[in-house]
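Peer 1: Taking the numbering used here, the leading residue of the sequence shown gets 15, the next gets one more, and so forth.
Glycine included, each C-beta is placed from N, C-alpha and C at the ideal position.
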Amino acid sequence: TVNIGLIENRIPTLGVVYAPALDRMFFASSATGAFEESIKGIQKITIRPVPNSGPVAVASVTHRDESTNNWLNSNHIKDTISIGSSLKFCLVACGEADVYPRFGPTMEWDTAAGDAVLRSAGGEVLLPNGELFGYGKSNYRNSAFIAHGSF
15 TVNIGLIENR IPTLGVVYAP ALDRMFFASS ATGAFEESIK GIQKITIRPV
65 PNSGPVAVAS VTHRDESTNN WLNSNHIKDT ISIGSSLKFC LVACGEADVY
115 PRFGPTMEWD TAAGDAVLRS AGGEVLLPNG ELFGYGKSNY RNSAFIAHGS
165 F
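#1: Please state whether the Cβ-Cβ distance between Val131 and Gly29 is less than 9 angstroms.
#2: Nearest-angstrom Cα distance between Asn156 and Ser88?
#3: Using 8 angstroms as the threshold, is the region 23 to 39 in touch with the region 121 to 135, meaning 3 or more CB pairs across them?
#4: Comparing alpha-carbon positions, which option in His77, Pro63, Ala158 lies nearest Val139?
#5: Which whole-angstrom value is the C-beta distance of Ala161 and Val106, which I expect to be below 8 angstroms?
#6: Measure the C-alpha to C-alpha separation of Ser52 and Asp37 and round it to an integer number of angstroms.
Set out below in structure tokens:
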């Protein structure tokens with residue numbers, strides 16, 4: 015994916031995530047909301063309510079670890095979609111999934127654009143202790159986080 019994000023005051027306020035192989039582009043700003051451009055045109059996107067059948071998670075294809083599996087099991091996740099890159103944020107943002115737990119290492123440039131899309135669609139990204147996930151760390155390394163819609 016191609017990821018472009020803008021951070022202002024430790025918060026992502028603008029993001030573009032483009033997946034050329036899938037011909038899907040997500041873009042958002044905190045002022046205008048979140049959108050997806052695909053073969054169907056441009057559509058505004060928002061998070062969804064958790065389905066009655068149970069929440070759907072997105073998880074990394076290559077970085078899924080024991081901590082992630084334990085979290086998924088303890089939170090009664092109905093189904094898991096395995097997909098790479100920052101698209102995990104975007105699938106939560108557009109209502110194809112409900113939560114994205116990440117316990118492995120990432121960098122701020124890996125997450126800022128997708129995080130902006132998710133927040134602009136009504137979701138949020140939290141630390142495992144429930145505090146809001148922030149940016150502007152001196153080493154740019156992210157800690158574990160839970161990105162979610164209405165989950």
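Peer 2: Let's see:
#1: yes
#2: 23 angstroms
#3: yes
#4: Ala158
#5: 6 angstroms
#6: 6 angstroms
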